[in-house]
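Under the numbering used here, the residue at position 103 of the sequence shown is numbered 275, and the numbers go up by one with no gaps.
Glycine included, every Cβ here is placed at the ideal spot set by N, Cα and C.
Quick caveat, the model's predicted, so the values are computed rather than measured.
Heads up, the thing below is written out as C-alpha cells.
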Amino acid sequence: MKILVTGGNGFIGHTLVRHLLNEGNEVKVIDIKPIKFTHPKLEFVKKSVLEDIRWEMRDCDAVYHLAAELGVISSDRRPLNTLAVNIDGTVNVFRCALGTGVKKIVYTSSSEVYGEAREIPLKEDSPKSPVSIYGVSKLAAEMYSKGYVQEYGMDINPVRLFNVYGPGQGSDWVMPIFIQKVLNNEEPVVFGDGSQVRCFTYIADIVSGIEAVMKKGLKGEAYNIANTDQITMKKLAELIIKISGKKLNPKIAGFGKETRAREREIMTRVPSIEKLKSLGWKPEINAEEGIKKTYEWYKSNLGKEELFYE
Ligand SMILES: NC(=O)c1ccc[n+]([C@@H]2O[C@H](COP(=O)([O-])OP(=O)(O)OC[C@H]3O[C@@H](n4cnc5c(N)ncnc54)[C@H](O)[C@@H]3O)[C@@H](O)[C@H]2O)c1
Numbered sequence: 173m174k175i176l177v178t179g180g181n182g183f184i185g186h187t188l189v190r191h192l193l194n195e196g197n198e199v200k201v202i203d204i205k206p207i208k209f210t211h212p213k214l215e216f217v218k219k220s221v222l223e224d225i226r227w228e229m230r231d232c233d234a235v236y237h238l239a240a241e242l243g244v245i246s247s248d249r250r251p252l253n254t255l256a257v258n259i260d261g262t263v264n265v266f267r268c269a270l271g272t273g274v275k276k277i278v279y280t281s282s283s284e285v286y287g288e289a290r291e292i293p294l295k296e297d298s299p300k301s302p303v304s305i306y307g308v309s310k311l312a313a314e315m316y317s318k319g320y321v322q323e324y325g326m327d328i329n330p331v332r333l334f335n336v337y338g339p340g341q342g343s344d345w346v347m348p349i350f351i352q353k354v355l356n357n358e359e360p361v362v363f364g365d366g367s368q369v370r371c372f373t374y375i376a377d378i379v380s381g382i383e384a385v386m387k388k389g390l391k392g393e394a395y396n397i398a399n400t401d402q403i404t405m406k407k408l409a410e411l412i413i414k415i416s417g418k419k420l421n422p423k424i425a426g427f428g429k430e431t432r433a434r435e436r437e438i439m440t441r442v443p444s445i446e447k448l449k450s451l452g453w454k455p456e457i458n459a460e461e462g463i464k465k466t467y468e469w470y471k472s473n474l475g476k477e478e479l480f481y482e
C-alpha cells in the first residue's frame, strides 16, 4: 500500500508513520514542518494542506489526514488560522482526493466536538456542543466529510481521539506539563478543584485504533478512539507523583483569569468505545502502565526540546 499522511511530522503523525513503515507500507508525508527521520520507503513533501495536493495523492491508496492547528489555547490565539487549516485544509484534502486512486480517508477529529457531555458515556451519536474554536473547527470538518460521503460516494471516517498522551508530546499538554513539573521537583498545578474526569489514551492505542478504522471502518462512520480508564485531574497529578517516588502534593489552583475559566472547562469526558470494539479493536495499555512509560521517557529526555513534538 502507498499511504499519504498529512501532519505526519506531529506527535501522533510521526508515531503512525513509523508504524506504517514497519508494516512494509510506502508512506508519503505532507507537512509544513520537515520530518525528523529518513527511511527508504518514506517520501516527505513540504506543503500545506491548503495547497493543491492532487499531484501528491495521484499514486496513493489511502490517506490519514492529521494536519491541524491544534489545541484549545493556541487555536484561541490564532482563530482564523485554526478555521483555515482545520476546515478549509480538511475540505481541500477531500476535494483533492476526488478522482485519484485514494480509496479511503481517515480524518482525526477530537473528543472536543462533544463539549460538556449531555450523556455518559459519550457515544458517537451523542449530542455535539463544542465550547472552543478548535472543537467547532473539528466538528465543521466532520460535517463536510459527511457531505463528501453523500455527494461523491467517498469513503471517509472521522475518528474522535480522547486525551492522547505518550513519549514526545509537546510541552503544551497536561501530561508533559505535570510530568516535567514533578521531574523538576515542583508541584503540578491542577485547575479547578481537580475533579474533572478524563480518559487518557496512550499513543500506541491511538495508532492501532486509527489503523483499525482504516482497515475495517464502515463507510462514512465516525468512531471514538479511547481508553475507558477514568481518572480525575487531581488523581492524575497524584499518580505521577507516586510514580516519581517524590514527596510532593498537587497544587489545587481553582478557576479564574490567571488559570482557566470555569466555562471553558469540560468537567466529564468519558467515551463509549463499543462501536470500535465491534470491529475487533481494544486499548491495550492501561493508564498506570502508559503514564509510567511516558514518565520514564521524559525522565531520560528532560530538557531535550528537539525530541518533543509541538
Ligand atoms: N493530541 C491530542 O490529544 C489530540 C486529541 C484529539 C484529536 N487530535 C487530532 O489528531 C491530529 C494530530 O494531532 P497531534 O497531537 O499529532 O498534533 P501536532 O500538532 O503534534 O501535529 C500536527 C501536525 O500538523 C502540521 N500542520 C499544521 N498545519 C499544517 C498545514 N497547514 N499543512 C500541513 N501540515 C500542517 C504540523 O506541522 C504538525 O506536524 C490533529 O488533527 C488533532 O486535531 C489530537
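Express the C-alpha separation of His191 and Lys205 in angstroms, rounding to a whole number. Rounded to whole angstroms, Lys205 and His191 show a C-alpha spacing of 20 Å.
Alpha carbon to alpha carbon, what distance is there between Gly426 and Leu176? Between Leu176 and Gly426, the C-alpha separation is close to 43 Å.
By the three-class DSSP mapping on this structure, what secondary structure does Phe183 have? Taken through DSSP and simplified to helix, strand or coil, Phe183 comes out as helix.
Mapping the DSSP letters down to three states, classify Asn329 as helix, strand or coil. Look at Asn329 here: in three-state DSSP terms it is strand.
Is the closest heavy atom of ligand 1 to the C-beta of Tyr535 under 8 Å? Since the first residue shown for the chain is 173 and the last is 482, residue 535 is missing from the structure and cannot be characterised.
Please classify Asn253: does DSSP put it in a helix, a strand, or coil? If DSSP states are grouped into helix, strand and coil, Asn253 belongs with the helices.
Give me the residue from Lys423, Glu393, Ile202, Val257 with the minimum Cα distance to Glu296. The candidate whose alpha carbon is nearest that of Glu296 is Glu393.
Of the listed residues Asp327, Arg290, Tyr279, Gly340, nearest to Lys310 (C-alpha basis): The residue with the shortest Cα to Cα distance from Lys310 is Tyr279.
Please find out if some non-hydrogen atom of ligand 1 comes closer than 8 Å to the beta-carbon of Trp345. True, at least one ligand heavy atom lies under 8 Å from that Cβ.
Here's a check: name, in chain order, each residue in its chain whose Cβ is nearer than 7 Å to the Cβ of Tyr404, leaving out the five neighbours to either side. Note on identity: in this sequence residue 404 is Thr, with Tyr being the wrong assignment. Hits under 7 Å: Gly366, Ser367, Gln368, Val369.
Can we count Gln341 as close to ligand 1, meaning its CB is less than 8 Å from some heavy atom? Correct: Gln341 has its Cβ closer than 8 Å to ligand 1.
Measuring CA to CA, which of Tyr286, Lys407, Ile382 is closest to Arg441? Measuring from the Cα of Arg441, the nearest candidate turns out to be Tyr286.
Could I get the ranges of all uninterrupted alpha helix (DSSP H) runs contained in the stretch 286-370, with 4 residues as the minimum, in chain order? 305-324, 346-355, all fully within the stretch 286-370.
Go ahead and label Trp227 buried or exposed: buried means 16 or more other beta carbons lie within 10 angstroms of its beta carbon, across all protein chains shown. Residue environment: Trp227 is assigned as exposed (fewer than 16 neighbouring CB atoms within 10 Å of its CB, all protein chains considered).
Could you check if Thr280 belongs to the surroundings of ligand 1, using beta carbon to heavy atom distance under 8 Å? Yes, since a heavy atom of ligand 1 falls inside the 8 Å radius drawn around the Cβ of Thr280.
Answer with buried or exposed for Gly271, where buried requires no fewer than 16 other C-beta atoms within 10 angstroms of its C-beta. The residue is exposed, with fewer than 16 neighbouring Cβ atoms inside 10 Å.
To the nearest angstrom, report how far apart Leu188 and Glu198 are at their CA atoms. Taking the straight line joining both Cα atoms gives about 13 Å.
Grab me the residues of Gly340's own chain with a C-beta within less than 7 Å of its C-beta, minus the 5 sequence neighbours each way, in chain order. Taken in chain order, the residues that qualify are Phe183, Leu479, Phe480, Tyr481.
Between the Cα of Asp401 and those of Asp231, Tyr470, Thr254, Ile463, spot the shortest distance and give me the residue it belongs to. When only C-alpha atoms are compared, the closest one is Ile463.
Starting from Lys174 and walking both ways along the beta strand (DSSP E), at which residues does that stretch end? Here the beta strand (DSSP E) through Lys174 covers 174-178.
Nearest candidate by alpha-carbon position, reference Tyr320, set Val308, Phe266, Glu223: With distances taken between Cα atoms, Tyr320 lies closest to Phe266.
So if DSSP puts Asn396 in a beta bridge, which residue, or which two residues, is it bridged to? According to DSSP, Asn396 shares a beta bridge with Arg332.
Please tell me whether, using a cut-off of 8 Å, the distance from the CB of Asn181 to the nearest non-hydrogen atom of ligand 1 is below it. At least one heavy atom of ligand 1 is nearer than 8 Å to the Cβ of Asn181, so yes.
Counting C-beta neighbours from all protein chains within 10 Å, is the total for Met386 16 or more, i.e. buried, or is it exposed? By the 10 Å Cβ count, Met386 comes out buried.
Anticipated Cβ contact below 8 Å, Pro443 with Asp377, distance rounded: Their Cβ separation, rounded to whole angstroms, is 12 Å, which puts Pro443 and Asp377 out of contact at 8 Å.
Is the beta carbon of Ser220 within less than 8 Å of some heavy atom of ligand 1? Remark: the shortest separation between the CB of Ser220 and any heavy atom of ligand 1 falls under 8 Å.
Per the contact definition of three or more C-beta pairs closer than 8 Å, is the stretch 296-305 in contact with the stretch 237-255? By the Cβ rule, the stretch 237-255 counts as touching the stretch 296-305, because three or more pairs are nearer than 8 Å.
Per-residue DSSP class, three states only, for Glu223: Shown here, Glu223 sits in coil according to DSSP, grouped into three states, outside any helix or strand.
Is Asn396 closer than 9 Å to Ile457 when the C-beta atoms are compared? Taking 9 Å as the Cβ cut-off, Ile457 and Asn396 do not qualify as a contacting pair.
At the level of alpha carbons, what is the spacing between Lys208 and Ala239? Cα to Cα, the separation comes out at about 16 Å.
Does any heavy atom of ligand 1 sit closer than 8 Å to the C-beta of Ala234? Because no heavy atom of ligand 1 lies under 8 Å away, the Cβ of Ala234 does not count as near it: no.
Can you tell me the Cα-Cα spacing of Phe334 and Asn181, whole angstroms? About 20 Å.
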